[in-house]
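In the numbering used here, the protein residues as written are 11 to 255.
For every residue, glycine included, the Cβ atom is placed at its ideal position computed from N, Cα and C.
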Amino acid sequence: MAAAANPPSTSPALELTWLDHPDALGAIHAEWQALAERTKTDPFLRPAWLQIWWRHYGARRRFTCLVARRDQQLVGVMPFVLERLWFGPVPFSVARPACVDPHVMILRWPVEPEYLPAMFAEAIDHLLHQHGVLAVSFTPVSEEADHAPVLRSVAADHPRLALRDHDAGRHVVVDLPPTFEEYLQRISANRRSQFRRRRKRLVAEVGMTSDSIVPTAEQMDAFVAFHNAHWQERGYGGHYVDWPG
11 MAAAANPPST
21 SPALELTWLD
31 HPDALGAIHA
41 EWQALAERTK
51 TDPFLRPAWL
61 QIWWRHYGAR
71 RRFTCLVARR
81 DQQLVGVMPF
91 VLERLWFGPV
101 PFSVARPACV
111 DPHVMILRWP
121 VEPEYLPAMF
131 AEAIDHLLHQ
141 HGVLAVSFTP
151 VSEEADHAPV
161 LRSVAADHPR
171 LALRDHDAGR
181 HVVVDLPPTF
191 EEYLQRISAN
201 RRSQFRRRRK
211 RLVAEVGMTS
221 DSIVPTAEQM
231 DAFVAFHNAH
241 WQERGYGGHY
251 VDWPG
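In structure tokens, the structure reads:
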């Protein structure tokens with residue numbers, strides 16, 4: 011499918027462009043990854059994950075993505091999907107962030123913080139008026155998220171927007187250091203010694219080994235087939251069938 015780029019719009023010092031297919035993002039893959047590293051973006055809003063997610067869950071969804079540049083440098087990427095839902099016999103469209111299931115919480119978008127207000131304002135306006143969606147859902151949003159106050163501010167600046175904002179409960183955030191050894195240094199000396207004794211015992215008694223493995227595309231496909239077969243034998247679809255996209 012050919013990717014379509016809509017005519018860009020501009021805000022002060024910011025060039026905003028909409029792309030209408032994930033394939034169009036291939037040209038900015040390296041820039042997007044570098045931006046994600048700078049902004050400490052969630053793993054679900056990075057280019058490699060988008061490719062995997064769209065392959066499995068893109069069916070029956072429409073894609074659109076807001077790309078922002080300042081002085082030719084990439085400063086923001088906001089991917090969305092458009093979905094048709096039904097209220098009884100009445101269909102309506104909703105936009106929400108791509109790359110994640112509706113229950114997954116986003117803490118950081120791949121956007122330089124100072125451009126979050128302009129990008130959210132553009133995204134909401136474009137999705138409502140150009141794509142005709144009834145709502146733009148960012149649910150769930152954590153109070154720890156950088157964009158939580160920005161969304162409230164954008165809604166306050168647009169009186170015609172109705173913001174649905176309510177407390178949905180609590181969640182846990184675990185702040186992990188970059189390496190496991192650094193994590194061990196954070197815990198008490200007693201717990202650290204206990205862990206090392208038990209690991210040494212497992213290595214000695216059963217030959218335990220550990221490694222970090224990144225599966226290839228072929229290995230991932232084999233896992234999906236195995237996973238589906240396992241659950242279908244038990245009368246279930248499996249994750250990749252229950253939520254095919």
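Check	Outcome
P188 at chain B interface by Cβ criterion, 8 angstroms	Within the model displayed, chain B is absent; a lone protein chain is all it includes.
R56 classed as buried or exposed, judged by whether at least 16 other C-beta atoms fall within 10 angstroms	buried
Residues bridged to V110 [DSSP beta-bridge criterion]	None, per the DSSP bridge assignment.
Supposed close pair R106, V91 - CB separation, criterion 8 angstroms	6 angstroms
Secondary structure of Q43, DSSP reduced to three states	helix
Cβ-based neighbour list, E142, same chain, cut-off 7 angstroms, excluding 5 preceding and 5 following	Just to set this straight, residue 142 is Gly in the shown sequence, not Glu. Contacts found: S103.
V183 beta carbon less than 8 angstroms from that of E154	yes
Cα-Cα separation, W241 to H66	17 angstroms
Between the CA atoms of T49 and R72 - distance to the nearest angstrom	27 angstroms
Supposed contact pair M115 and P89 - C-beta distance, whole angstroms, cut 8 angstroms	P89 to M115, Cβ: 16 angstroms. No contact.
Endpoints, beta strand (DSSP E) assigned at L92	83-97
Contact set for H268: own chain, Cβ-Cβ below 6 angstroms, skip 5 residues either direction	For the chain, the structure presents residues 11 to 255; residue 268 sits outside this window and is missing.
Length of the line joining the Cα atoms of A7 and H136	Limits of the chain in this structure are 11 at one end and 255 at the other, which puts residue 7 out of reach.
Residue nearest to A178 in terms of C-alpha spacing, selected from H113, A44, R118, L76	H113
Assigned exposure category for I62 - 16 Cβ within 10 Å defines buried	exposed
Pick from A131, P187, N238 that is closest to P169, judged by C-alpha positions	A131
Pair within 8 angstroms by beta-carbon distance, T256 and W28	The structure shown does not extend to residue 256, since the chain is modelled only from 11 to 255, so the question has no answer here.
Cβ neighbours of G86 in the same chain (closer than 6 angstroms, five flanking residues each side left out)	A78, V121, Y125, M129
Simplified DSSP state of A12, which is helix, strand or coil	With a pLDDT of only 36 at A12, under 50, the local geometry of the prediction cannot be trusted, and the value read off the model is given with reservation. Coil.
L26 versus E93: straight-line alpha-carbon distance, rounded	23 angstroms
Classification of H157 by the beta-carbon crowding that lies within 10 angstroms, buried from 16 upward	buried
Those residues which DSSP pairs with V146 across a bridge	A105
Chain-order list of residues whose beta-carbon lies under 6 angstroms from that of G248 (same chain, five-residue window excluded)	H237, N238, W241
Three-state class that DSSP yields for G245 in the structure shown	coil
A145 versus A199, P159, V160, R174, residue with shortest Cα-Cα distance	R174
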